[in-house]
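In order, the protein sequences belong to chains A and B.
149 is the number of the first residue of the first sequence in my numbering; add one for each residue after it.
149 is the number of the first residue of the second sequence in my numbering; add one for each residue after it.
2 protein chains.
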Amino acid sequence: MEENKEFEEKKPQDTEESGTENNIETQEYEIPEKADYEAEIIDIIRGNEPAYVKKEKLNDYHENDIASVLEDLDVNERRRLYALLGLDRVSEIFAYLDDPEEFIEELDNETAADILEAMEPDDAVDILDELEEEKSEELLQLMDKEAQKDIDLIQSYDEDEIGSKMTTNYVSLSLDLTIKQAMKRLVEQAADNDNISTLYVKKEDGTFYGAIDLKDLIVAREYVELESLVITSYPFVYDHETVDDCIEELKDYSEDSIPVLDKDNHILGVITSQDLVEVVDEEMGEDYAKLAGLAAEEELEEPLSQSLKKRVPWLIILLMLGMIVSTVISMFEKVIVGLPIIVTFQSVILGMSGNVGTQSLAVTIRVLMDEELEFKQMLGFVFKEMRVGFFNGLIVGSISFIFTGVFIWLVRGQQFMDAFAISGCIGVALALAMLISSFVGAIIPIILDKIGFDPAVASGPLISTVNDLVAAVTYYGLAWVFLINILHL
Amino acid sequence: MEENKEFEEKKPQDTEESGTENNIETQEYEIPEKADYEAEIIDIIRGNEPAYVKKEKLNDYHENDIASVLEDLDVNERRRLYALLGLDRVSEIFAYLDDPEEFIEELDNETAADILEAMEPDDAVDILDELEEEKSEELLQLMDKEAQKDIDLIQSYDEDEIGSKMTTNYVSLSLDLTIKQAMKRLVEQAADNDNISTLYVKKEDGTFYGAIDLKDLIVAREYVELESLVITSYPFVYDHETVDDCIEELKDYSEDSIPVLDKDNHILGVITSQDLVEVVDEEMGEDYAKLAGLAAEEELEEPLSQSLKKRVPWLIILLMLGMIVSTVISMFEKVIVGLPIIVTFQSVILGMSGNVGTQSLAVTIRVLMDEELEFKQMLGFVFKEMRVGFFNGLIVGSISFIFTGVFIWLVRGQQFMDAFAISGCIGVALALAMLISSFVGAIIPIILDKIGFDPAVASGPLISTVNDLVAAVTYYGLAWVFLINILHL
């Protein structure tokens, strides 16, 4: 909660819209009740009005809202609804379904294929991928050649290639058109196309030439040449580029759509900003899952076996690493037996070094994702992480030196000097372990990235366990040398 | 790396575009070199051609690419470039700058204010927020009333309210227009507006009536009524809703833009899908940072003091919690002294329970963000997490029972029965701790969410430390009861 405070920047207000309420907490600020669109839609569907009135009324609702009510209807109501709304609207609604399989399954194959055919190909692929392989193949065979070709193309890409995220729905114009002809071509294509904000221009040989902003076309005077509206150095991506590699670029351009080309510069499709929202969401979700030591992101409805499959691999690796840590600790049996009090603080040292490492790791991964760093910047970054680690260690080490010193002296009844020798050892070990952990948390993802691995595989739990090792050696080593061998405690 | 494999779904290809290369690894697949737009732009700027030719050539490049080269130019080159390109283009370029402050600082206030005035208000706010308070105030005073009003409005919202993310740039139409008049109004407004894909219709009293898809207007026949194109139950959000509350809804609709209304249903602005990309990115970045135990997301260029401020608070809380764990462990001094071998495996038990807890936490936070769960679903979810924890514990516990048993028997030279009694204790403690940790990792964020806190504040390190406590009690408790009191080892 408190975290947000530093971002808040309250300004004196002089706009009428949100006048005096400024000092009232957001939560208490009265947000009006919204109409319950879903309830309204169900009322219309179940009402007694003639079909054409129902259809008219339902036209005023967003496909996403209609999609949300499908699961509240029974099979017959759904069938009647589809008939009422017509194929195009139903296909748009299906694109919004969270779990389209069940609704596809209850249709005959012909109808299902028609619906999928009328959808944007990338949405159709999303649904087909959810179906059984066999069913998916059957439906695909029933679609027209055009739709099949688009779907095959999108399915031909690996999940991590940007081509798999594109839609093949875009408006293209040829360069020799006049403004008026271009507008006419646009109107013709607009009916079948959702993405008309940016229009793409091809050369005579069919290769990508550039893009026209729809706005520029609309406001253009009739006598100017179409060519003058074209941005020829418009950004694009190649179909086989990985999502990881081009996502930052796509975000930076913040365009309505960016074309996807094959290696011969023919335009295959576009990535729309709606696609980009999904891609960003997925990519970050994956990184987020990996940071937490999951093999991949999990869904709510996932079966137990899937969940186990995503979690067990890391756990077994971590168990093995943990065993190494425990073997190292067992080498310090003299310290354990001679100074059991040292053992009781082991969890603090190991825990804190893990925490610091996880922080460094998270910062490093985000920096690696967002920026292309040169070697010098990289060094500077690692150095900065170490400075952060040093000062964190200094602060936390000092606090724990005083705190545990007093605790051991007064509560555990050790002599004053001995108590502070022990707490000194704890404080120094803590500070050292935190310094080294910051370094480890920063350098491991950087090295992974350099040798071509996804830095996000260096999960937090992995870094924590590696740092356990570092911290255990530092702590018990110090205790053994300083407390046992030098001070003979 | 391996994680992606399960998502890959290679299909036989029959499209000509990506024919035979399918089996070649993505990394090896030849992705053509892209033209270096930035180098080209610099060459043009530094070239000897007359100004009008330069301007003509630069018109073909995207503003984002021109923005990227600004830092490679010197002050005079930048000044000449601004003069060449004109105010509108320069303001678009400035919207793409990562660190606009320095470029704003080198301009006189008049010019800077003109540039900001010509930008979309939300982009201008982003820049003003980066400047010193005083400078920002000066520039604001120099802008025209219209721009000031828009900027004040956007700045009046807290960072976590959706109003702070909107742009006030949108096209509005009144309901009484004919199709032809509406097109004319659109052309008039399009010149100053970037967001024309969805047009907003107001009632006579100025309240929000609905939305028209630009596509529908373009393909509409002239004689139909404008009203028939309007989707009246179009989704919208209220200005003071929190980003957290409405982001899932905004994503679900996957629209080009969604209007932001005040509580009297007047439209104040729109959230475009480009805004949404940014918002999703920010929100997930914040959650990601919190999961790793950072108070907020960090930037590469951030000063040391800022980084410390974001990391130290959690570390101190975790230190205190760690001290509690160590106090609990110290209560088992008899186990420590009597069975030092138990101590050497402490790090494994605590570490693994922390890891399991972090996994559960990450899954739970994502589920809470993505779905509105009812109480029953919530229970089901927690129960599922516990089942995952149980089976994870069973698998990992069994492995470690056998593995450590053999290890203690053969390497540490304990008697066979004793060795497996100890390893049994370790295995059972591990399984139990993992079960409980899954529960803790799932229930804590759910409770936080229920009582109105952001569940993401339950960071991984926090959950790990809480689970350390659980694991320590379980492990040492079991060892004390079973090994010391029953078996008298």
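Just so you know, even glycine gets a beta-carbon here, dropped at the ideal spot from N, CA and C.
For clarity, every value in this text was computed on a predicted model and none was experimentally measured.
By Cβ distance below 6 Å, which residues in the same chain neighbour residue i in space, the five residues on each side in sequence not counted?
i, result
"T316 (chain A)", "P269, D298, G417"
"I172 (chain A)", "In this prediction, I172 (chain A) scores a pLDDT of 41, lower than 50, which makes its location untrustworthy; the coordinate-derived value is nonetheless stated afterwards. So the list is empty, once near-sequence residues are dropped."
"K159 (chain A)", "In this prediction, K159 (chain A) has a pLDDT of 39, which is less than 50 and means its spatial position is unreliable; what the coordinates show is noted afterwards. Excluding positions up to five away in sequence, the list is empty."
"K203 (chain A)", "L232"
"Q175 (chain B)", "Low per-residue confidence applies at Q175 (chain B): pLDDT is 47, beneath 50, and the placement is therefore not dependable enough to give any value."
"Y305 (chain B)", "G311, S312"
Between residue i and residue j, which are expected to be in contact by the criterion C-beta below 8 Å, what is the C-beta distance as a whole number of angstroms?
i, j, result
"I594 (chain A)", "M526 (chain A)", "6 Å"
"Y143 (chain A)", "G354 (chain A)", "Residue numbering for chain A in the displayed model covers 149 to 637; residue 143 (chain A) lies beyond these limits and cannot be assessed."
"D586 (chain A)", "V536 (chain A)", "In the sequence as displayed, the identity of residue 586 (chain A) is Ser instead of Asp. With a Cβ gap of about 6 Å, S586 (chain A) and V536 (chain A) count as contacting."
"D271 (chain B)", "A295 (chain B)", "Rounded, the Cβ-Cβ distance is 12 Å, inconsistent with contact."
"V618 (chain A)", "V576 (chain A)", "About 14 Å; that fails the 8 Å criterion."
"E309 (chain A)", "D387 (chain A)", "7 Å"
"V367 (chain A)", "L321 (chain A)", "Their Cβ separation, rounded to whole angstroms, is 16 Å, which puts V367 (chain A) and L321 (chain A) out of contact at 8 Å."
"W557 (chain B)", "F564 (chain B)", "5 Å"
"L439 (chain A)", "F356 (chain A)", "At roughly 38 Å, the Cβ-Cβ gap does not stay under 8 Å, so L439 (chain A) and F356 (chain A) are not in contact."
"V90 (chain B)", "Y230 (chain B)", "With chain B covering only 149 through 637, there is no way to say anything about residue 90 (chain B)."
"P248 (chain B)", "E281 (chain B)", "Their Cβ separation, rounded to whole angstroms, is 16 Å, which puts P248 (chain B) and E281 (chain B) out of contact at 8 Å."
"L235 (chain A)", "A266 (chain A)", "5 Å"
So, at 8 Å on beta carbons, what are the nonlocal neighbours of residue i in its own chain, with the 5 sequence-adjacent residues on each side left out?
i, result
"Y209 (chain A)", "Y185, E188, I189"
"V621 (chain A)", "V476"
"L637 (chain A)", "G486, L487, D566, A569, I570, L631"
"R194 (chain B)", "E225"
"D597 (chain B)", "L516, P603"
"V544 (chain B)", "M500, L578, A579, M582"
"T390 (chain B)", "D308, E309, I310"
"T613 (chain B)", "L466, L469, G470, V473, G502"
Just reading off the alpha helix (DSSP H) that residue i is part of, what are its end residues?
i, result
"S585 (chain B)", "564-598"
"I310 (chain B)", "Taken as a continuous stretch (DSSP letters only), I310 (chain B) belongs to no alpha helix (DSSP H), as it is neither H nor E."
"V544 (chain B)", "523-554"
"L290 (chain B)", "281-290"
"D270 (chain B)", "269-278"
"M468 (chain B)", "452-478"
"A440 (chain B)", "Neither: A440 (chain B) is in no alpha helix (DSSP H) and is coded neither H nor E."
"T512 (chain B)", "494-518"
"T613 (chain A)", "608-626"
"N257 (chain B)", "257-266"
"E396 (chain B)", "391-401"
Considering just the uninterrupted stretch of the beta strand (DSSP E) at residue i, what are its terminal residues?
i, result
"S405 (chain B)", "405-409"
"Y348 (chain A)", "346-350"
"Y230 (chain B)", "Looking at the DSSP string, Y230 (chain B) is not in any beta strand (DSSP E); the run it does join, the alpha helix (DSSP H), is 223-233."
"V418 (chain A)", "415-420"
"G358 (chain B)", "356-361"
"L321 (chain A)", "320-322"
What residues in its chain sit with their C-beta under 7 Å from that of residue i, if we drop five residues either side in the sequence?
i, result
"Q337 (chain A)", "V319"
"F480 (chain B)", "Y624, W628"
"L626 (chain B)", "C573, V576, A577"
"I634 (chain A)", "none"
"K205 (chain A)", "I192"
"I406 (chain A)", "P383, F384, V385, L398, V418, I419"
*Taking any Cβ of chain A, which residues in the stretch 587-602 of chain B have a Cβ under 7 Å from it, in chain order?*
Listed in sequence order: F601, D602.
*Does the stretch 372-381 of chain B touch the stretch 425-435 of chain B, meaning 3 or more C-beta pairs lie closer than 8 Å?*
They do not touch, by the three-pair rule.
*asked:* I want to know whether the stretch 491-501 of chain A touches the stretch 453-472 of chain B - three or more CB-CB distances under 8 Å.
replied: Enough Cβ pairs lie closer than 8 Å, so yes.
*Interface residues of the stretch 225-254 of chain B facing chain A [CB-CB below 8 Å]*: Those would be Y244, in chain order.
*What are the residues of the stretch 319-350 of chain B that lie near chain A, defined by any Cβ-Cβ distance shorter than 8 Å?*
For the stretch 319-350 of chain B, which is checked against every Cβ of chain A, the residues closer than 8 Å are L334, V335, A338, A339, N341, D342, I344, S345.
*Would you list, in chain order, the members of the stretch 496-519 of chain A that have their beta-carbon closer than 8 Å to a beta-carbon of chain B?*
Residues passing the 8 Å Cβ filter: V496, L498, G499, M500, G502, N503, V504, T506, Q507, L509, A510, V511, R514, V515, D518, E519.
*Can you give me, in chain order, the residues of the stretch 466-500 of chain A that have a beta carbon less than 8 Å from any beta carbon in chain B?*
Cβ contacts with chain B: L466, L467, G470, M471, V473, S474, T475, I477, S478, E481, I484, V485, P488, I489, V491, T492, F493, Q494, S495, V496, L498, G499, M500.
_With three or more beta-carbon pairs closer than 8 Å as the criterion, would you say the stretch 498-507 of chain B touches the stretch 607-618 of chain A?_
Cβ pair count under 8 Å is three or more, so yes.
_Please list, in chain order, the residues of the stretch 412-433 of chain A that have any C-beta partner in chain B closer than 7 Å._
Listed by position along the chain: L416, S421, Q422, L424, V425, V428, D429, M432, G433.
*At least 3 beta-carbon pairs within less than 8 Å: the stretch 285-294 of chain A vs the stretch 257-265 of chain A*: Contact between the stretch 285-294 of chain A and the stretch 257-265 of chain A is established, with three or more Cβ pairs separated by less than 8 Å.
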